[in-house]
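> Structure below; questions to follow.
Protein chains: 4
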Amino acid sequence: MSTPPAAPSAETPERLAFYERIGQKHLTPLWTSLAKLVTPEPVSGCQPAAWSFAEIRAAMIEAGALITAKEAERRVLILENPGLRGQSKITTDLYAGVQLVLPGEVAPAHRHSQSALRFVLEGDGAHTAVNGERTPMRYGDFIITPPMAWHDHGNETDQPMFWLDGLDIPIVQFLDASFSEHHDEEEQPIARPVGDAHARYGSNLLPVDQRPAAGASPVFTYPYARTRDALAQLARGQAWDPCHGLKMRYSNPVTGGYPMATIAAFIQLLPRGFQTARYRSTDATIFVAVEGRGKTRIGADFVVEWGPRDIFVVPSWKPVVHEASDEAVLFSFSDRPVQEALQLFREDRHSA
Amino acid sequence: MSTPPAAPSAETPERLAFYERIGQKHLTPLWTSLAKLVTPEPVSGCQPAAWSFAEIRAAMIEAGALITAKEAERRVLILENPGLRGQSKITTDLYAGVQLVLPGEVAPAHRHSQSALRFVLEGDGAHTAVNGERTPMRYGDFIITPPMAWHDHGNETDQPMFWLDGLDIPIVQFLDASFSEHHDEEEQPIARPVGDAHARYGSNLLPVDQRPAAGASPVFTYPYARTRDALAQLARGQAWDPCHGLKMRYSNPVTGGYPMATIAAFIQLLPRGFQTARYRSTDATIFVAVEGRGKTRIGADFVVEWGPRDIFVVPSWKPVVHEASDEAVLFSFSDRPVQEALQLFREDRHSA
Amino acid sequence: MSTPPAAPSAETPERLAFYERIGQKHLTPLWTSLAKLVTPEPVSGCQPAAWSFAEIRAAMIEAGALITAKEAERRVLILENPGLRGQSKITTDLYAGVQLVLPGEVAPAHRHSQSALRFVLEGDGAHTAVNGERTPMRYGDFIITPPMAWHDHGNETDQPMFWLDGLDIPIVQFLDASFSEHHDEEEQPIARPVGDAHARYGSNLLPVDQRPAAGASPVFTYPYARTRDALAQLARGQAWDPCHGLKMRYSNPVTGGYPMATIAAFIQLLPRGFQTARYRSTDATIFVAVEGRGKTRIGADFVVEWGPRDIFVVPSWKPVVHEASDEAVLFSFSDRPVQEALQLFREDRHSA
Amino acid sequence: MSTPPAAPSAETPERLAFYERIGQKHLTPLWTSLAKLVTPEPVSGCQPAAWSFAEIRAAMIEAGALITAKEAERRVLILENPGLRGQSKITTDLYAGVQLVLPGEVAPAHRHSQSALRFVLEGDGAHTAVNGERTPMRYGDFIITPPMAWHDHGNETDQPMFWLDGLDIPIVQFLDASFSEHHDEEEQPIARPVGDAHARYGSNLLPVDQRPAAGASPVFTYPYARTRDALAQLARGQAWDPCHGLKMRYSNPVTGGYPMATIAAFIQLLPRGFQTARYRSTDATIFVAVEGRGKTRIGADFVVEWGPRDIFVVPSWKPVVHEASDEAVLFSFSDRPVQEALQLFREDRHSA
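Protein chains in written order, with this note's numbering: chain A, 1 to 352; chain W, 1001 to 1352; chain B, 2001 to 2352; chain C, 3001 to 3352.
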């Protein structure tokens, strides 16, 4: 509706009585709410927001003294969108939190229908275990937990480990499809050595009988070292997308699709001084600065200056412009696979 | 979690002060809400519910006297789930309403990113137009409106026309992806004769250059006459699925998939006296009785006795048992395509 | 190679001796045959050809007196491309023959990895059985036999039954993938009533648990009555493709793809007096005139005048022009699914 | 047909005269050839065969003195299956040859609808260019040329370069779909630096807007170093498939499918002393020993003892048993993608 219809004229006493009466039968008139249900463009409570890692870290260290990983099950501080407080959401349909695992701690094994990603923020060498294989965690590593995969974390180093968790908790809640259970053991048994998934699925080879199949990526860790090398190689070509700089998506080598059915993840490099053209899309996106410093303008008014580990949110359909002071790398994730599967994804590449 | 963890012991004053302080930075502890976010089985506000058509019809006739289709844009009474009042939802992620178009009225042309279905409840011969083609509407016809397709309705008969609208409004809202606009004209121009889509796409033929493609079914009407014949033919085999009787899904002939990306629709026949085995699935489902009488038990306690045109809702993961007094036909729809696309669909066929 | 390289100069005695010597090790030089192996455009032994049904029919009746269906297993006269004699091929990779089943005869049940189509040319009411279901055969009906499906034919009428068989025998031979066996019984047991497949799969419905799956169409008969109605409906729009008139492909409702993995089939209507624009494609195509009279020019010189039941062949990459004297309907089939699966299909729509 | 039908009894003079007469109309009886056209199991002219690299190398060096790469366009000796002589085929539907490019030579740029693979046998550092990017060639590297991609080779080292070419020339010929042309330049212009394709497509990342798409793998080189590391990593698990040892297939990261539409390629490791269980499949396969020594029995009688660079052929449906004296690595390729696309692939894993 290019011009929303005027609210029906004269909510007469007759009509109001009618609404009251039918309300008792769980009926309600559409015409009093159509304009709010079907809008010309997206209308959302999700707002631009930003968190400096310094602030998050300080709060986490304090949390580390207040509760053990064992008691908490997951010692995580949830990043709540200021426009969606009390709902444990960072965007309308995604969840994000920062997790701390102290030296010697274990986040016990469980599994659930919710998918998860981890993006490592600080520390080196703690591990995540997924479906019987462990992977070490290093700064900038992107790690996934497929739905219903057993997973646990452990920190056998002498330094705290911090990472960002991204989950589709709101989506699974919305679809009334949450299932979960605890493992009998605190840590799942290990069935394959470190690096097995990468050799088996992530080296441009696949097992001879492997068919492309629906499901999350069997490559469950995307180490930053490998990703950073690829970005460096491609950056040599100096072929910058005006809207993105150099932007890649993490992929599932068994299908070429996204690593998980509900969450897409991206990594982009902005050369020093680069300013992106205005861009917007329907997938609200959470960003983590990985390298370099810069600033991002979201919509008309919101500006965040970021450095490594800082986190910010671009809501759906809000124009975004990034500007890198140094060569910068940004990690991001969104619900784009859901949008695309449901034929609802739109993007707008016109600078204006 | 088979046994949810006990709430962390002793929310100490220290912790409470911490929560308060970090709350101002839009941070909140996960451990106080994990049990509500990730549940062992789905937990939802959606409840079983039922509406008799007699009640709906009476309310609609009253509405017909209170507001014109023109003023309302769509003269619809929304069926609100009693556990989700005020949200215009019949299940956690779907919308349903009953629309009335009186003789001579037009529901003006518009389009939106939300997908819609119509299931005709009463009347004969009004039309729906989609993308330049009209189709007549008859009892039991299933008609779709793909996302962003121009659509309008008109009643050139001398009888009122009632149908059920099902839309993915909550899904599109949840994904912050609503777009819509009005057509310049009240009724869209007609480009193709009645029956064109069925001849072009629905007759086991396709245009020579047609490739399977994502998107809604180009067959936008599924007349009850054709559907009923197919059910009758198959019923002769007497091969009843214990959980469903004889259950079919409407399909998209270009892909073999669901007619729309977000909504699946089904038609099932229960022979006289048949009682289905207990069944449950994660896709909350809205049922419309089309023929015959029977009753349905939802969960432990909720029983609805239904006859033609009556409507009832089975929430996600609630066991359902149908029992047909006469040979009965039930129409139903749900968000199953979303569940399946996101790898979240589950069903449980064990009678217990 | 826009200009094929000159044959290597001077096949010296030294070279010839070398070729002789290495030939004993099963080695041979590429450079003496490269120009024949990799050509600038397709080079093929397949030629334009045509058969009048009158001639075929007369020969078949004679064959009917010379051998029984039982002795022959299949009383078929193979249509051999004049450029590919002795190879049982009508095009480089397809086989076609005309089968006669006399009143009271049975073509006994067998199955094989080769796919087959039947296009009914004369007679009414004999049956084909596929996978436990029979279908009556009427003029213009298109019927498929998926790979390894049991099939048999029977003529319980008092008139002879003639149809065209199209099979991928050369393809299966080329891939060394032929498997076949006889059924213990002459006629397979019947498990489902006539019309079951159409009700179950061909009515824009599918069984509730049906997923799009690879494999041949479960709708194994496409009656001409239904097809002809669709053509008539679409012809009203008068929207003629310059190259084809009105051309449709038979489709698999479970996928929207071709009815079989190796063979595509098409039906096209040419209005009275219509002449198609020159068109060529890499899939050599066999045509059967179904209704009306006309003529077709293939390449520069070959012209066939056809009427109902006449058969002709258009080789790969040869331009074709049809001209209809009356409103005409042409059936055709080709290896297009193979071409497309292997990324080799080309077509050229430019009239010249 | 479990027992092929007896040849029709008594080819009477009457029948023979009939066959002669209808032969002039390009008709021929099916019943005299059905048993040869549709066989109970594959029947093929393709035979087991083997070539020692020493023999091939000697012949190639001789060829190197007899003709320049420029004159030959491609200085290749074709490996002809002894059962298919004169057809330039190594199996019924594939071609293989060994190419030699001497120091300073260039194999000039051209393109064609045929797909090609290269497997490097000897030499280090010559290059292949595909679609504007060069890749160095090292022992054991697997390199592809997608259909219609410009490609050329150059040897700027001081040592000869030998590799195996595998092409689908017979398939493209069979489908009458050959197209080809020469480039204006001897060497195509270079648009991207070495390693670009691997960074862009082969690192578990894809360009942000990349959708899974049909077509050959954009990763056009699979260096042996990376492949060998993956095999070594997986071999640690000691989980040997009885039929294959450890067998992987090269994959297309954009789809998870085969690297080309017509040719699959595999790499397998056999631990020292390992003997595979009898295995057969419908895809005739060409093997190249890469490391180690062993022997292979094909069918009942054919045994080849192989060492690095030796080549042998296993026809369709012939049982094969490998036995490795040392830890061995075998490269192989076949038409499996065609077989699978056409629903004709079979394998038989039962040792007997």
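Ideal Cβ positions, reconstructed from N, Cα and C, are used throughout, including at glycine.
Quick check: the Cα distance between residue 2133 of chain B and residue 3172 of chain C, rounded to an integer number of angstroms?
Here residue 2133 of chain B refers to the residue found at position 133 when the third sequence is read from its first residue. Here residue 3172 of chain C refers to the residue found at position 172 when the fourth sequence is read from its first residue. So the alpha carbons of these two residues sit roughly 38 Å apart.
> Where DSSP assigns a beta bridge to residue 1247 of chain W, which residues make up the other side?
In the second sequence, the residue the question calls residue 1247 of chain W occupies position 247. Note: residue 1247 of chain W sits in a beta bridge opposite W:1268.
> Would you call residue 1070 of chain W buried or exposed, if buried means 16 or more other Cβ atoms sit within 10 Å of its Cβ?
Within the second sequence, the letter at position 70 stands for residue 1070 of chain W. When all chains shown are included, residue 1070 of chain W counts as exposed.
> Rounded to a whole number of angstroms, what is the C-alpha to C-alpha distance between residue 2265 of chain B and residue 3092 of chain C?
Locating residue 2265 of chain B in the third sequence gives position 265, where the first residue counts as 1. Locating residue 3092 of chain C in the fourth sequence gives position 92, where the first residue counts as 1. Rounded to whole angstroms, residue 2265 of chain B to residue 3092 of chain C spans 27 Å at the Cα level.
> DSSP on residue 2139 of chain B, reduced to helix/strand/coil?
If you number the third sequence from 1, residue 2139 of chain B lands on position 139. It is coil, neither helix nor strand.
> In its own chain, which residues sit with a C-beta less than 8 Å from the C-beta of residue 1113 of chain W, not counting the 5 before and 5 after it?
Against the second sequence, residue 1113 of chain W aligns to sequence position 113. Closer than 8 Å at the Cβ level, and outside the excluded window around residue 1113 of chain W, lie 1147, 1148, 1172, 1177, 1178, 1179, 1180.
> Helix or strand or just coil, what does DSSP make of residue 344 of chain A?
For the purposes of this step, residue 344 of chain A is taken as residue 344 along the first sequence, with counting starting at 1. Of the three classes helix, strand and coil, the one that applies to residue 344 of chain A here is coil, per DSSP.
> Using 8 Å as the limit for Cβ to Cβ distance, is residue 178 of chain A near chain W?
Here residue 178 of chain A refers to the residue found at position 178 when the first sequence is read from its first residue. Interface residue, yes.
> Counting only Cβ-Cβ distances shorter than 7 Å, please list the residues of the segment 3089-3111 of chain C near chain B, keeping chain order.
Within the segment 3089-3111 of chain C, the residues whose Cβ lies closer than 7 Å to some Cβ of chain B are 3092, 3093, 3097, 3110, listed in chain order.
> In terms of residues, what are the limits of the beta strand (DSSP E) holding residue 3154 of chain C?
Numbered from 1 along the fourth sequence, position 154 holds the residue referred to as residue 3154 of chain C. Per DSSP, residue 3154 of chain C belongs to the beta strand (DSSP E) from 3151-3154.
> What are the boundary residues of the alpha helix (DSSP H) that residue 15 of chain A is part of?
Your numbering for residue 15 of chain A matches position 15 in the first sequence. Start and end: 13-23.
> Residues of chain C with a CB under 7 Å from the CB of residue 266 of chain A: which are they?
Here residue 266 of chain A is taken as the residue at index 266 of the first sequence, counted from 1. Going along chain C in sequence order, the residues near residue 266 of chain A (Cβ under 7 Å) are 3208.
> Would the segment 1097-1110 of chain W and the segment 1150-1163 of chain W be scored as touching if the rule is three or more Cβ pairs under 8 Å?
Yes: at least three Cβ pairs fall under 8 Å.
> Anything in chain E within Cβ reach of residue 2200 of chain B, meaning under 7 Å, just list it in chain order.
As a matter of chain content, chain E is missing from the structure shown, whose protein chains are A, W, B and C.
> Say whether chain B places a C-beta atom closer than 8 Å to the C-beta of residue 1270 of chain W.
To locate residue 1270 of chain W, count along the second sequence from 1; it is residue 270. Closer than 8 Å: no.
> Is there contact here, the segment 283-302 of chain A with the segment 252-260 of chain A, by at least three beta-carbon pairs under 8 Å?
In short, these stretches do not touch, since the Cβ pair count stays below three.
> What does residue 1155 of chain W touch in chain B if you count any residue whose Cβ is under 7 Å from its own?
Taking the first residue of the second sequence as position 1, residue 1155 of chain W is located at position 155. By Cβ distance, chain B contributes nothing, its closest Cβ being about 25 Å from residue 1155 of chain W, past 7 Å.
> Please report how far the alpha carbon of residue 1080 of chain W lies from the alpha carbon of residue 2220 of chain B, in whole angstroms.
As a first step, residue 1080 of chain W is located in the second sequence; it is residue number 80 there, counting from the start. As a first step, residue 2220 of chain B is located in the third sequence; it is residue number 220 there, counting from the start. About 45 Å.
> Nearest chain W C-beta to residue 2164 of chain B closer than 8 Å, yes or no?
By 1-based counting over the third sequence, the position of residue 2164 of chain B is 164. Output row for residue 2164 of chain B: interface = no.
> Need the endpoints of the beta strand (DSSP E) that residue 3305 of chain C sits in, please.
Numbered from 1 along the fourth sequence, position 305 holds the residue referred to as residue 3305 of chain C. Element bounds for residue 3305 of chain C: 3302-3306.
> Within 8 Å of any Cβ in chain C, is that where the Cβ of residue 2295 of chain B sits?
Here the question's residue 2295 of chain B lines up with position 295 in the third sequence. Residue 2295 of chain B does not count as touching chain C.
> Could you check the C-alpha separation between residue 3223 of chain C and residue 3117 of chain C for me, to the nearest Å?
Residue numbering aside, residue 3223 of chain C sits at position 223 when the fourth sequence is read from its first letter. Residue numbering aside, residue 3117 of chain C sits at position 117 when the fourth sequence is read from its first letter. So the alpha carbons of these two residues sit roughly 13 Å apart.
> Grab the span of the beta strand (DSSP E) containing residue 1129 of chain W for me, first residue to last.
Here the question's residue 1129 of chain W lines up with position 129 in the second sequence. Residue 1129 of chain W -> beta strand (DSSP E) spans 1127-1130.
> Is there a Cβ of chain C sitting closer than 8 Å to that of residue 212 of chain A, yes or no?
Within the first sequence, the letter at position 212 stands for residue 212 of chain A. Yes, contact with chain C.
> Hey, could you find the ends of the beta strand (DSSP E) residue 2314 of chain B is sitting in?
Locating residue 2314 of chain B in the third sequence gives position 314, where the first residue counts as 1. Element bounds for residue 2314 of chain B: 2311-2314.
> Got a sec? Which residues, its chain only, sit under 8 Å from residue 1013 of chain W by beta carbon, not counting five neighbours each side?
One-based indexing of the second sequence puts residue 1013 of chain W at position 13. Result list for residue 1013 of chain W: empty, nothing under 8 Å.
> Taking CB distances under 8 Å as the criterion, tell me whether residue 350 of chain A reaches chain C.
For the purposes of this step, residue 350 of chain A is identified with residue 350 of the first sequence, where counting begins at 1. No, no contact with chain C.
> DSSP has residue 3258 of chain C in a bridge; who is on the other side?
On the fourth sequence, position 258 is the one that residue 3258 of chain C refers to. Beta-bridge pairing links residue 3258 of chain C to no other residue.
> Determine whether the beta carbon atoms of residue 2306 of chain B and residue 2293 of chain B lie at a separation below 8 Å.
Within the third sequence, the letter at position 306 stands for residue 2306 of chain B. Within the third sequence, the letter at position 293 stands for residue 2293 of chain B. Yes, Cβ-Cβ distance for residue 2306 of chain B and residue 2293 of chain B is below 8 Å.
> For residue 2074 of chain B versus residue 2107 of chain B, is the C-beta distance shorter than 8 Å?
Counted from its first residue, the third sequence places residue 2074 of chain B at position 74. Counted from its first residue, the third sequence places residue 2107 of chain B at position 107. Yes, Cβ-Cβ distance for residue 2074 of chain B and residue 2107 of chain B is below 8 Å.
> Which class does residue 3339 of chain C belong to by DSSP, given the choice of helix, strand or coil?
The count along the fourth sequence starts at 1 and reaches residue 3339 of chain C at position 339. In this structure, residue 3339 of chain C counts as helix in the three-state DSSP scheme.
> Quick one: Cα of residue 2281 of chain B to Cα of residue 3086 of chain C, how far?
The residue you call residue 2281 of chain B lines up with position 281 of the third sequence. The residue you call residue 3086 of chain C lines up with position 86 of the fourth sequence. Spanning the two alpha carbons is a distance of roughly 29 Å.
> Check the Cβ of residue 1039 of chain W against every Cβ in chain B and list those closer than 9 Å, keeping chain order.
Here residue 1039 of chain W refers to the residue found at position 39 of the second sequence. Within chain B, no residue comes near residue 1039 of chain W; the closest Cβ sits about 27 Å away, beyond 9 Å.
> Is the CB-CB distance between residue 3215 of chain C and residue 233 of chain A below 8 Å?
As a first step, residue 3215 of chain C must be located in the fourth sequence, where it is residue number 215. As a first step, residue 233 of chain A must be located in the first sequence, where it is residue number 233. Not a contact, by the Cβ cut-off of 8 Å.
> Would DSSP call residue 959 of chain W helix, strand or coil?
Past the edges of chain W, shown from 1001 to 1352, lies residue 959 of chain W, and the structure says nothing about it.
> Taking 7 Å as the line, does the beta carbon of residue 1159 of chain W fall inside it for any heavy atom of the ligand SAM?
Ligands in the displayed structure: none, and consequently the ligand SAM is not present.
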